[in-house]
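These protein sequences, in sequence, are chains A and B. In this text, residue positions in the first sequence follow our numbering: the first is 1199, and each later residue adds one. In this text, residue positions in the second sequence follow our numbering: the first is 1199, and each later residue adds one. Backbone N, C-alpha and C fix where the C-beta goes; we use that ideal spot for every residue, glycine too. Structure, as structure tokens:
Number of protein chains: 2
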Amino acid sequence: MNDTERTGSLPLPTIRRYPLYLREIKAMISRGDLHVSSAALAETLDLDPVLTRKDLAMAGVPGKPRRGYPAQELENAINRALGWDSVTDAVLVGAGSLGQALLGYAGFEEHNISLAVAFDSDPAKISLTFHGVKVRPMADLPRLVKRLRIKIGILTVPSSAAQACADALVAAGIVAIWNFTAVQLVVPQGVIVQNVDLAQSLAVLSHAISSQGQA
Amino acid sequence: MNDTERTGSLPLPTIRRYPLYLREIKAMISRGDLHVSSAALAETLDLDPVLTRKDLAMAGVPGKPRRGYPAQELENAINRALGWDSVTDAVLVGAGSLGQALLGYAGFEEHNISLAVAFDSDPAKISLTFHGVKVRPMADLPRLVKRLRIKIGILTVPSSAAQACADALVAAGIVAIWNFTAVQLVVPQGVIVQNVDLAQSLAVLSHAISSQGQA
């Protein structure tokens, strides 16, 4: 997905910046601020003030001249725009080291994502609980995902199992996959895949260091 | 960093695709293949064959007409281009749930990144060992990072501590930061920052689902 594409009703770069604004707005509210100016937000986050003004305007809360936006209303509007204003259920497939870690990721609770259950093919992991989430056998996936009407599937399985697990999730009714595997998943139209490939990110870092060493 | 930028000697999109090729080439070698064709790689990975041909050419291994590239030489060349052909030492700062998980990330060993030590400010975590890596107090960071000539710092601390920890890493001689916090770090020129913001990624997913619901 490149930065000129849109998902849903907002431009992708705006969606990516919304969590940054949210954190700052929350910090301002907790310091007792009742209003937030786009100029102050832009300065704190080292962003172009024109960009920030446009981003905030898209949240649909009218600002007041010289005072800025009502802080709490703006926080609520951004949460609503991101779908973080109501609880969305998710499951995780692959309770290995990365999967176990993600089950403890504080961002899920913070953003109203509720992890209902995890699945794994390793019999030794079944019935274990990580960060309060129980691991179930893969065979239970279709039934449980359907019954609980789960929307999000988080994929942290080995590459070799990635496509098959994605297929199982989609067949069970999942509409969005957070893909931590290196596999470019093939999914039907309408299913959203968001990729987080740590090896690709690490490659950029390693290459830059090794090039420095040669210079 | 956008896709037209370069880090080091290769274009960024090429660097990002190299780990994908590597996995496929390794799989082909383990199946007994002696040669790899760019067309076959492109097809397996669902990439533009012209793009893949250019990417592989940049690795500097001459291909043979009709046979393709010698597989093992190509694997070695890509590893060399990414700086994954020799061991690079890294430290992790912030041994919370995400930090502990990353300590168990198999990609480090696979790509010759050796995690020497982790640091945390929580006295309860000091001297604990996660996935074979010992946690040390923050006060030891400057001395240890300098003495061990560490190149990479992995940052998994809360946002409020991120810039101060980055400053400490840079002061101790770190040249590259893998930043898992949401903070846009300010670092001196020459220090590389690679950001992995899970909340930004999750925002794209959540927004897409909530927009679908409205449609």
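CB contact flag (VAL1285 of chain A, ALA1314 of chain A, <7 Å): no
Interface residues of the region 1263 to 1285 of chain A facing chain B [CB-CB below 9 Å]: ARG1278, ALA1279, LEU1280, GLY1281, TRP1282, ASP1283 and SER1284
Check the Cβ of GLY1302 of chain A against every Cβ in chain B and list those closer than 9 Å, keeping chain order. GLY1294, SER1295, LEU1296, GLN1298 and ALA1299
Check for me: the beta strand (DSSP E) holding ILE1350 of chain B runs from which residue to which? 1350 to 1353
Just checking: is the beta-carbon of SER1236 of chain B within a distance shorter than 7 Å of some beta-carbon in chain A? no
Ordered along the chain, which non-local residues of its own chain (more than five positions away) have a Cβ less than 7 Å from that of VAL1234 of chain B? ILE1223, MET1226, GLY1266, TYR1267, ALA1269 and LEU1272
Evaluate GLY1349 of chain B with the Cβ neighbour count: other Cβ atoms within 10 Å of its Cβ, from every protein chain shown; 16 or more gives buried, anything less gives exposed. Before going on, a small fix: residue 1349 of chain B reads as Lys here, not Gly. Buried: at least 16 other Cβ atoms inside 10 Å.
C-alpha distance - ASN1310 of chain A paired with SER1408 of chain B, whole-angstrom precision: 12 Å
With a threshold of 7 Å between beta-carbons, can ALA1406 of chain A be considered close to chain B, or not? yes
Indicate whether SER1404 of chain B and GLY1351 of chain A have their beta-carbon atoms separated by less than 7 Å. no
Looking at the structure shown, is ALA1337 of chain A part of a helix, part of a strand, or coil, going by DSSP? helix
Mind pulling the alpha helix (DSSP H) runs of 4 or more residues that sit fully within the region 1272 to 1330 of chain A? 1295 to 1301 and 1304 to 1308
Which of the three DSSP states is assigned to ASN1200 of chain B in this structure? For ASN1200 of chain B, the pLDDT reaches just 39, beneath the cut-off of 50, and the residue's location in the model is therefore unreliable, leaving the point undetermined.
Assumed close pair LEU1300 of chain A, ALA1299 of chain B - CB separation to whole angstroms, cut-off 8 Å: 7 Å
With 8 Å as the limit, tell me which residues of the region 1330 to 1358 of chain A have their beta carbon closer than that to any beta carbon of chain B; keep them in chain order. LYS1349, ILE1350 and SER1357
Rounded to whole angstroms, what's the CA-CA distance from LEU1383 of chain B to GLY1230 of chain B? Just pull it up for me. 45 Å
Using Cβ-Cβ distances below 8 Å, what residues of the region 1243 to 1254 of chain A are close to chain B? LEU1243 and ASP1244
Which listed residue (B:HIS1329, B:ILE1372, B:ILE1324 and B:VAL1394) has its alpha carbon closest to that of ALA1380 of chain B: B:VAL1394
Go ahead and label PRO1211 of chain A buried or exposed: buried means 16 or more other beta carbons lie within 10 angstroms of its beta carbon, across all protein chains shown. exposed
With burial defined as no fewer than 16 other Cβ atoms inside 10 Å of the residue's Cβ, what is the status of LEU1367 of chain A: buried or exposed? buried
Below 7 Å between beta carbons: does that hold for SER1295 of chain B and GLY1302 of chain A? yes
Does any CB atom of chain B fall closer than 7 Å to the CB of PRO1386 of chain A? no
Out of B:LEU1243, B:HIS1329 and B:ALA1322, which has the shortest C-alpha to C-alpha gap to ARG1221 of chain B? B:LEU1243
Could you tell me whether the Cβ atoms of ALA1316 of chain A and VAL1343 of chain A are closer together than 7 Å? no
Alpha carbon to alpha carbon, what distance is there between LEU1218 of chain B and GLU1308 of chain B? 13 Å
Could you name the residues of the same chain whose beta carbon sits closer than 6 Å to that of GLY1292 of chain A, not counting the 5 residues immediately before and after it, in chain order? THR1354 and VAL1355
Secondary structure at GLN1392 of chain B, three-state DSSP: helix, strand or coil? strand
Considering only residues of the same chain and omitting the five flanking positions on each side of MET1336 of chain B, which have a CB-CB separation below 6 Å? PHE1317 and SER1319
Could you tell me which chain A residues have their CB closer than 9 Å to the CB of GLN1382 of chain B, listed as they occur along the chain? LEU1218, LEU1243, ASP1244 and LEU1245
Closer than 8 Å by C-beta to THR1327 of chain A: which residues in its own chain qualify, once you throw out the five before and the five after it? Chain order, please. VAL1333
Closer than 8 Å at the beta carbon, the chain B residues around GLN1361 of chain A: Simply none; closest approach about 11 Å.
Among B:GLY1305, B:GLN1410, B:PHE1378 and B:ALA1370, the one whose alpha carbon lies nearest that of ALA1359 of chain B: B:PHE1378
With 7 Å set as the bound, which would you pick, yes or no: does the beta-carbon of ALA1370 of chain A sit closer than that to a beta-carbon of chain B? no
Alpha helix (DSSP H) segment containing ALA1240 of chain B, residue limits: 1236 to 1243
Kindly indicate which three-state DSSP category LEU1346 of chain B falls into: helix, strand or coil? coil
Which chain B residues sit within Cβ distance under 7 Å of GLY1401 of chain A? Contrary to the premise, residue 1401 of chain A reads as Ala rather than Gly in this sequence. Here the neighbours are ILE1213, ARG1214, TYR1216, PRO1217 and LEU1280.
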